[in-house]
Amino acid sequence: MTDITDRPAPHTKVALQTEHKRTLTELERYKILVENVQDYAIFFMDPEGYIQTWNKGAEKNKGYTHKEIIGKHFSIFYSDQDNADKKPERELEIAKKVGRVEDEDWRYRKDGSKFWANVVITALYDEDQNLQGFAKVTRNLTERKVNEDSLRSANSLLQEQQKELQRLNESKDEFISLASHQLRTPATAIKQLLGLILEGFEGDVPQNIRRLLEKTYESNERQIGIVNGLLKVAQIDSGKVILRKRSYDVNDVVHSLVKQYSGIIEEKSQTISVEIHDEPLFGYIDEQYYRMALENLLDNASKYTENGGTITITSKAVDDTVVVGITDTGVGISPENIHSLFMKFNRIPNDLSHKVAGSGLGLYWVDKVIDLHQGKITVDSKLHEGTTFSVCVPKGM
Amino acid sequence: MRKILLVEDEPILRETYGIILSTQPYETDYAENGKDALELCKNKQYDLILLDVMMPVMGGVEFIKSLDNLDEMKSKIIVMSNLSSGKEVEEAAQLGIQKHLLKSDISPSQLISEIRYYLEA
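Same order as they appear, the protein sequences are chains A and B. Per the working numbering, the first sequence starts with residue 464, numbered consecutively. Per the working numbering, the second sequence starts with residue 311, numbered consecutively.
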């Protein structure tokens, strides 16, 4: 006899079968998913931390087979120090309290090798809030860790190298400064001793010997000039130049410079034309350094202009600045050389450079000094026609 | 006879300035640093001191400060430096010296005329 009541109606049976099949598929899907994930170690632990399940990712990352690890305590993955510190137990406690705990640290494989792990332990509760165990998901981030570490060590190496370069640069500045000081003493002594002879302290000097001594004196003066240039550059490069800026009449600086240079200019039959207004024009400057910078430019203008040429000095207020222009009718600078004009030790060959003594330090220094004034120098030049240097500094009160 | 003290640590410059000064009718003493100069100043009143700035043992600035406590007559001081600017030079200038000369700028006759000017002033 067949109990037909247990037999479902045809339509019900189909419905049940479909539902049954769907449920299985979903579980299977989860099972397959978890078991086959290779990049994550995912496993279930009981409330005490004993391992209950094991996926492929866990086997791959930690080196234990399913058979070897089931029933073992998860503290097996931790270092001896972590175990001595009861870190595994503490992590479970935290997960129990707040639901999850995350950690990044070294973990150990079966073979004793370590890997950098990102670990998330999640506490699993049933509907009645009874702790059923923990899910542990571990990711191997060794590659990222290694990259980060090597980036960090490359970075600190770079920082060290930068410091070393800075040290080397400072000791270079110091060396130049020391060497220049040392060179200046004998050059100064030569100047004084030659001066004694040339100024007649030891009696008359025959003309032929005087001529040679004057050449010697000239050459020594050049040497002193170079050494002074080096010292000035070393001083400004090492940041030891501190300007004492105040509101000062730049026209006053120009007038006194022109007065100082009138002799030299006359000697070369050059003309100096000063095109500035009578009223004062205040710049925010360190008068001493500003004067030295303009002096350098005026000196260049005269040196690099043939005898009989003209030098024009102008001054004007432009917006919040005052601009002093020094224009010559000299050798000029070709466009391709303009950019290297302010470089250290750079001398640009021109029609007069074989006659003019220079160290290639002057304009470098001038540029730095005007820079310290928060100012700017611009150059406008045409080869064989002349050059204008415009020095722009913030205006004073 | 006017008394001059030359304070300079570089032997070659001491000797050279010595030759320049020997052409004039002055009594000249020499010291190679501020400390030695201070000792000399305890026993003799100098009319003029030619003073270098950067020297070992005791530099020019410290010497002027120490001399201030010692010297009631106030010797005149000409500072002779290598640098036209810098911390020491500016400090010395603020201590009430007569003149600041740049060693590599002046000639023997210029030095002598500066000395004469301050001795007669």
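By construction, the Cβ of each residue, glycine as well, lies at the ideal position given by its N, Cα and C atoms.
Query raised in the report: Three or more C-beta pairs closer than 8 Å, one from the stretch 767–779 of chain A and one from the stretch 718–735 of chain A: is that the case here?
Result: yes
Query raised in the report: If you draw a straight line from the C-alpha of A:ILE727 to the C-alpha of A:ILE689, how long is it?
Result: Locating residue 727 of chain A in the first sequence gives position 264, counting from the first residue. Locating residue 689 of chain A in the first sequence gives position 226, counting from the first residue. Their backbone Cα atoms lie some 20 Å apart in a straight line.
Requested in this report: Confirm, please, whether the CB-CB distance from A:ILE801 to A:SER844 is below 8 Å.
Outcome: Within the first sequence, numbered from 1, the residue matching residue 844 of chain A stands at position 381. Within the first sequence, numbered from 1, the residue matching residue 801 of chain A stands at position 338. The answer is yes: Cβ separation under 8 Å.
Query raised in the report: For the beta strand (DSSP E) that A:MET508 lies in, which residues bound it at each end?
Result: Indexing the first sequence from 1 puts residue 508 of chain A at position 45. From DSSP, the beta strand (DSSP E) with A:MET508 extends over 503–508.
Report task. Report the three-state DSSP secondary structure of A:PHE540 (helix, strand or coil). Result -> Residue 540 of chain A sits at position 77 when you count from the first residue of the first sequence. In this structure, A:PHE540 counts as helix in the three-state DSSP scheme.
Query raised in the report: Could you give the distance in angstroms between the alpha-carbon of A:SER797 and the alpha-carbon of A:LEU846?
Result: Looking up residue 797 of chain A in the first sequence gives position 334. Looking up residue 846 of chain A in the first sequence gives position 383. Going from the Cα of A:SER797 to the Cα of A:LEU846 covers about 5 Å.
Query raised in the report: Apart from the five residues just before and just after A:TYR503, which ones in its own chain have a Cβ nearer than 6 Å to its Cβ?
Result: Position 40 of the first sequence, counted from the start, is the residue given in the question as residue 503 of chain A. Cβ within range, chain order: GLY520, VAL600 and ARG602.
Query - Touch test, the stretch 851–858 of chain A against the stretch 334–346 of chain B, Cβ-Cβ under 8 Å, three pairs minimum - result: no
Query raised in the report: First and last residue of the alpha helix (DSSP H) that includes A:GLN655?
Result: Your numbering for residue 655 of chain A matches position 192 in the first sequence. Unbroken alpha helix (DSSP H) run through A:GLN655: 605–661.
Query raised in the report: Residues in the stretch 320–346 of chain B with C-beta within 9 Å of chain A's C-beta atoms, listed in sequence order?
Result: GLU320, ILE322, LEU323, GLU325, THR326, TYR327, ILE329, ILE330 and THR333
Query raised in the report: CB A:LEU587 to CB A:GLN595, shorter than 8 Å?
Result: For this step, residue 587 of chain A is matched to residue 124 along the first sequence. For this step, residue 595 of chain A is matched to residue 132 along the first sequence. Yes. Within cutoff.
Requested in this report: Identify whether A:HIS847 lies in helix, strand or coil by the three-state DSSP scheme.
Outcome: As a working mapping, residue 847 of chain A is identified with position 384 in the first sequence. In this structure, A:HIS847 counts as coil in the three-state DSSP scheme.
Query raised in the report: Cα-Cα, which of B:GLN420, B:ASP415, B:ARG426 and B:ILE387 is closest to B:ASP362?
Result: By one-based count along the second sequence, residue 362 of chain B stands at place 52. Considering only alpha carbons, the answer is B:ILE387.
Query raised in the report: Shorter than 8 Å from the beta carbon of B:PRO418 to some beta carbon of chain A?
Result: Translated into positions along the second sequence, residue 418 of chain B becomes position 108. Yes, its Cβ sits closer than 8 Å to a Cβ of chain A.
Requested in this report: Below 7 Å CB to CB, which residues in the same chain sit around A:LEU693 once its five sequence neighbours on both sides are set aside?
Outcome: Here residue 693 of chain A corresponds to residue number 230 of the first sequence, with the count starting at 1. Answer for A:LEU693: ILE639, SER643 and LEU824, listed in chain order.
Query raised in the report: Can you find a CB in chain B that lies within less than 8 Å of the CB of A:ALA652?
Result: Translated into positions along the first sequence, residue 652 of chain A becomes position 189. It does: the Cβ of A:ALA652 has a partner Cβ on chain B nearer than 8 Å.
Report task. Consider the Cβ of B:SER414: report whether some Cβ of chain A lies at a distance smaller than 8 Å. Result -> Residue 414 of chain B sits at position 104 when you count from the first residue of the second sequence. Chain A, which has a Cβ nearer than 8 Å to the Cβ of B:SER414, makes this yes.
Query - Cβ-Cβ distance between B:ALA341 and B:VAL317 below 8 Å - result: Locating residue 341 of chain B in the second sequence gives position 31, where the first residue counts as 1. Locating residue 317 of chain B in the second sequence gives position 7, where the first residue counts as 1. Yes, the pair counts as a contact, with Cβ atoms nearer than the cut-off.
Requested in this report: Starting from the Cα of A:LEU835, find the closest Cα among A:TYR541, A:TYR753, A:ASP762 and A:ALA764 and give me that residue.
Outcome: Residue mapping note: residue 835 of chain A aligns to position 372 of the first sequence, counting from 1. Closest by alpha carbon: A:TYR753.
Requested in this report: Using a cut-off of 9 Å between C-beta atoms, extract the partners of A:ARG673 located in chain B.
Outcome: Along the first sequence, one-based indexing puts residue 673 of chain A at 210. Simply none; closest approach about 15 Å.
**Report entry** Short Cβ contact (8 Å threshold) for A:VAL713 with A:VAL785
**Finding:** The count along the first sequence starts at 1 and reaches residue 713 of chain A at position 250. The count along the first sequence starts at 1 and reaches residue 785 of chain A at position 322. In contact: A:VAL713 and A:VAL785 (Cβ atoms closer than 8 Å).
Query raised in the report: How would you label A:MET806, buried or exposed, when you count the other beta carbons within 10 angstroms and need 16 or more for buried?
Result: As a first step, residue 806 of chain A is located in the first sequence; it is residue number 343 there, counting from the start. Exposed is the call here.
Query - Any chain B beta carbon closer than 8 Å to A:HIS644 - result: As a working mapping, residue 644 of chain A is identified with position 181 in the first sequence. For A:HIS644, the answer is yes, since a Cβ of chain B falls inside 8 Å of its Cβ.
Query - Length of the line joining the Cα atoms of A:VAL500 and A:ILE532 - result: On the first sequence, residue 500 of chain A is found 37 positions in, with the first residue counted as 1. On the first sequence, residue 532 of chain A is found 69 positions in, with the first residue counted as 1. About 18 Å.
Query raised in the report: Quick one: what's B:MET390 bridged to in DSSP?
Result: Taking the second sequence and counting its residues from 1, one reaches residue 390 of chain B at position 80. For B:MET390, which the question treats as bridged, DSSP gives the partners B:ASP362 and B:LEU411.
Query raised in the report: Got a sec, what are the start and stop residues for the alpha helix (DSSP H) B:GLU430 sits in?
Result: Taking the first residue of the second sequence as position 1, residue 430 of chain B is located at position 120. Its alpha helix (DSSP H) spans residues 418–430.
Query raised in the report: Is DSSP giving A:ILE776 helix, strand or coil here?
Result: The residue given as residue 776 of chain A occupies position 313 in the first sequence. It is a strand residue.
**Report entry** Which of helix, strand or coil DSSP assigns to A:ILE840
**Finding:** Your numbering for residue 840 of chain A matches position 377 in the first sequence. Correct three-state label for A:ILE840: strand.
Query - Bridge partner(s) assigned by DSSP for A:LYS577 - result: Taking the first sequence and counting its residues from 1, the one referred to as residue 577 of chain A is at position 114. A:LYS577 is bridged to A:TYR571.
**Report entry** Complete beta strand (DSSP E) runs within the stretch 668–725 of chain A (minimum length 3 residues, chain order)
**Finding:** 709–712
Query raised in the report: Would you say A:ILE811 and A:THR851 are within 8 Å of each other, going by their C-beta atoms?
Result: On the first sequence, residue 811 of chain A is found 348 positions in, with the first residue counted as 1. On the first sequence, residue 851 of chain A is found 388 positions in, with the first residue counted as 1. Taking 8 Å as the Cβ cut-off, A:ILE811 and A:THR851 do not qualify as a contacting pair.
Report task. Please classify B:SER376: does DSSP put it in a helix, a strand, or coil? Result -> Position 66 of the second sequence, counting from 1, holds the residue named residue 376 of chain B. Of the three classes helix, strand and coil, the one that applies to B:SER376 here is helix, per DSSP.
Query - Alpha-carbon spacing of A:VAL721 relative to A:TYR711, whole angstroms - result: Position 258 of the first sequence, counted from the first residue, corresponds to residue 721 of chain A. Position 248 of the first sequence, counted from the first residue, corresponds to residue 711 of chain A. One C-alpha to the other measures close to 17 Å.
Query raised in the report: Apart from the five residues just before and just after B:ILE359, which ones in its own chain have a Cβ nearer than 6 Å to its Cβ?
Result: Within the second sequence, residue 359 of chain B is the residue found at index 49, counting from 1. The residues are LEU315, SER385 and ILE387.
**Report entry** Classification of B:PHE373 by the beta-carbon crowding that lies within 10 angstroms, buried from 16 upward
**Finding:** Here residue 373 of chain B refers to the residue found at position 63 of the second sequence. Flag for B:PHE373 reads buried.
Requested in this report: Please list, in chain order, all residues of the same chain as A:LEU757 whose beta carbon is under 8 Å from its beta carbon, the five residues on each side excluded.
Outcome: As a working mapping, residue 757 of chain A is identified with position 294 in the first sequence. Contacts found: VAL716, VAL717, LEU720, VAL787, ILE789 and VAL854.
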